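Asks: Counting in the working numbering, the sequence shown runs from 1 upward without gaps.
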Amino acid sequence: MILTQRHLNRAVLARQGLLERRALPLPAALDAMACLQAQYAPSMYIGLWSRVEGFERDALTRALHQRTVIQATLMRFTIHLVSAADYWPLTVAIRAARRAAWLRVAKGHDLSEAAETLDAALREGPLRRKEIVALIGAEAMRGVGAWVDLVRVPPFGTWEQRRADLYGRAEDWLPAPEIERDAALDHLVARYLTGYGPAAKADIANWAGLGVKEVEPALTRLELVTHEAEDGTPLYDLPGQPLPDPDTPAPVRFLPTWDAALLVHCRRARILPEEHRERIFHVRMPQSIGTFLVDGAVAGTWKPDGTLTPFGALTKAQRRQVDKEHAALGEFCA
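#1: Less than 8 Å between C-beta atoms, sequence neighbours within five positions excluded: which residues of the same chain meet that for residue 341?
#2: Pair every Cβ in the region 5-21 with every Cβ in the region 235-247, then say whether three or more of these pairs are closer than 8 Å.
#3: Tell whether a beta-carbon distance below 8 Å holds between residue 170 and residue 150.
#4: Take residue 50 as the anchor and find which of 262, 256, 220 and 183 has the nearest alpha-carbon.
#5: Contact check, residue 192 vs residue 266 under 8 Å by CB: the rounded distance?
#6: Hey, which unbroken runs of the alpha helix (DSSP H) at 4 residues or more fall wholly within the region 211-237?
#7: Where does the unbroken alpha helix (DSSP H) through residue 173 begin, and where does it stop?
#8: Between 18, 94, 328 and 68, which lies nearest to residue 83 when the distance is taken from Cα to Cα?
#9: For a test of the three-state rule: what should DSSP assign to residue 40, helix, strand or coil?
#10: What number of angstroms, rounded off, separates the C-alpha of residue 222 from the C-alpha of residue 190?
#11: I need the DSSP call for residue 153, collapsed to helix, strand or coil.
#12: When the Cα atoms are used, what is the spatial distance from residue 135 to residue 173?
#13: On the CB-based measure, 16 or more other CB atoms within 10 Å of its CB, does residue 96 come out buried or exposed?
#14: Between the Cα of residue 9 and the Cα atoms of 311, 329 and 246, which residue gives the shortest distance?
#15: Using 10 angstroms around the beta-carbon of residue 158, count the other beta-carbons present and answer buried if the total reaches 16, otherwise exposed.
#16: Less than 8 Å separating the beta-carbons of residue 234 and residue 200?
#17: Name the two residues that bound the continuous alpha helix (DSSP H) containing residue 27.
#18: Can you tell me which of the three DSSP states residue 63 falls into?
#19: So who's on the other strand from residue 198, going by DSSP bridges?
#20: Taking the alpha-carbon of residue 125 as reference, which of 152, 146 and 40 has the nearest alpha-carbon?
#21: Relative to the C-alpha of residue 114, which residue among 133, 156, 216 and 92 is closest?
#22: Skipping 5 residues on each side, what residues in its chain have a beta carbon closer than 8 Å to that of residue 297?
#23: Exposed or buried, residue 327, counting other C-beta atoms within 10 Å across all chains shown (16 or more means buried)?
#24: Near residue 46, which residues of its chain fall below 6 Å by C-beta distance, leaving aside the five closest residues on each side in sequence?
#25: Using CA coordinates, which residue listed in 130, 325, 293 and 39 is at the minimum distance from residue 77?
#26: Within 10 angstroms of the Cβ of residue 89, are there 16 or more other Cβ atoms? Answer buried if so, exposed if not.
#27: Who are the near neighbours of residue 79 in its chain, counting only those whose CB is closer than 6 Å to its CB and skipping five residues on each side?
#28: My understanding is that residue 3 touches residue 187, with C-beta atoms under 8 Å, so please give their C-beta distance in whole angstroms.
#29: With H, G and I counted as helix, E and B as strand and the rest as coil, what does DSSP make of residue 105?
#30: Excluding the 5 residues flanking residue 209 on each side, which residues of the same chain have their C-beta closer than 8 Å to its C-beta?
#31: Please classify residue 143: is it buried, with 16 or more other beta-carbons within 10 angstroms of its beta-carbon, or exposed?
#32: Taking residue 80 as part of the beta strand (DSSP E), name the residues at either end of that continuous run.
#33: Give a yes or no on whether the C-beta atoms belonging to residue 229 and residue 268 are separated by under 8 Å.
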């Protein structure tokens, strides 16, 4: 089946919970959307509010304390919020690539010794970032997470205490199961397709921070269906996943900074039209900015101070929907 850009847009919106909020427990919701990028703590809460029916801020903070969801640096060396069940498979899947990436950047500076030092210290309990820097140095701190599996420990990295700089050993926070890397890679690819499929193999690799050749064997091992993009690129998907009619109406939704549905791996769905990309992600604006969607595409930006900046004219009906959702977001954030 040849899938148009509109097909892909509606498919991703549906899987992300952006066509209709889903009434799911938080771990299941995170699995369904293929994790949540979490570089700024409030973004996790707003991203879930836009996707999960009846979501309340306390629910995420409580889940972090209960360890049913985990905050950690994972794909592409960025902080993600994942279910406890996803943490170890994703960690194992990307571990070798993360180490190789660090060794390229650091010109072969192996961190095994620093990792042993940090691991021994963390066995006594979690440490703040400044304590780790004092122990192993600032440069080693940048890459040591590829050798020591670390989680961000609450209450740090929550709505109430936003700086996620308390680290613990993942094994102490969440017992590590036995899992082979092939099985972990299969899990990663299936997870991505759950949240963002149908997708090209290059898109999967981009999201994961892996090479295309690293994900190709998983595409062979998994039982997948194959579609075709308008340019002829093969698109892979799990059987039975949502593929809505391309004319399905899409409601207004507000997204936080650095929402993964807007990143390059998801470019085919055009949730972020390319003509607007530099307004959202630019070197002069490293923290990005919140956005709102109209008819499944970014139509403007929002700021915590209440400022709305549409990129073009909105109809009266669209403006009413934007204002209504914006007011609801304001109540959530208050």
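Ideal placement from N, C-alpha and C gives every residue a C-beta, glycine not left out. Note that the structure is predicted; figures quoted are calculated from it, not measured.
Replies: Checking against the coordinates, here is how it stands:
#1: Since the displayed the chain opens at 1 and closes at 334, residue 341 lies outside it and no answer follows.
#2: Short answer: they touch.
#3: With a cutoff of 8 Å on beta-carbon distance, residue 170 and residue 150 are scored as near each other.
#4: Residue 256 holds the alpha-carbon nearest to the alpha-carbon of residue 50 among 262, 256, 220 and 183.
#5: The C-beta separation of residue 192 from residue 266 comes to about 10 Å, leaving the pair out of contact by the 8 Å criterion.
#6: Counting only runs of 4 or more, we get 212-221.
#7: Residue 173: member of the alpha helix (DSSP H) spanning 170-173, first to last residue.
#8: Closest option to residue 83, Cα to Cα, is 68.
#9: Annotated three-state conformation of residue 40 is coil, per DSSP.
#10: Using only the alpha carbons, I get a separation of about 8 Å.
#11: The answer is coil: DSSP assigns residue 153 none of H, G, I, E or B.
#12: Near 21 Å, if we compare the C-alpha coordinates of residue 173 and residue 135.
#13: The C-beta of residue 96 has fewer than 16 other C-beta atoms within 10 Å across all chains shown, which makes the residue exposed.
#14: Put simply, of 311, 329 and 246 the residue whose alpha carbon is nearest the alpha carbon of residue 9 is 246.
#15: Buried, because 16 or more other Cβ atoms sit within 10 Å of the Cβ of residue 158.
#16: Taking 8 Å as the Cβ cut-off, residue 234 and residue 200 qualify as a contacting pair.
#17: Note, residue 27: alpha helix (DSSP H), 26-32.
#18: Three-state result, residue 63: helix.
#19: Answer is none; residue 198 lacks a bridge partner.
#20: Distance from the Cα of residue 125 is smallest, within the candidate group 152, 146 and 40, for 152.
#21: Per the Cα distances, 133.
#22: Annotation for residue 297: 9, 270, 271, 272 and 273 place their beta carbon closer than 8 Å to its own, counting only its chain and skipping 5 residues before and after.
#23: Counting other Cβ atoms within 10 Å of its Cβ, residue 327 stays below 16 and is therefore classed as exposed.
#24: These residues qualify, in order along the chain: 256.
#25: Each of 130, 325, 293 and 39 was checked against the Cα of residue 77, and the nearest Cα belongs to 39.
#26: Residue 89 is buried by the Cβ-count criterion.
#27: Non-local beta-carbon contacts of residue 79 in its own chain, meaning distances under 6 Å to residues more than five positions away in sequence, involve 38, 39 and 73 in chain order.
#28: Actually they do not touch by this definition, with Cβ atoms about 25 Å apart.
#29: Helix.
#30: If we look at residue 209 and ignore the five residues flanking it on each side, its Cβ neighbours are 75, 76, 77, 94, 97, 98 and 101.
#31: With 16 or more other CB atoms across the displayed protein chains lying within 10 angstroms of its CB, residue 143 is buried.
#32: In the DSSP annotation of this structure, the continuous segment of the beta strand (DSSP E) that includes residue 80 starts and ends at 79-83.
#33: Judged by beta-carbon spacing, residue 268 lies within the 8 Å limit of residue 229, meaning their Cβ atoms are closer than that value.
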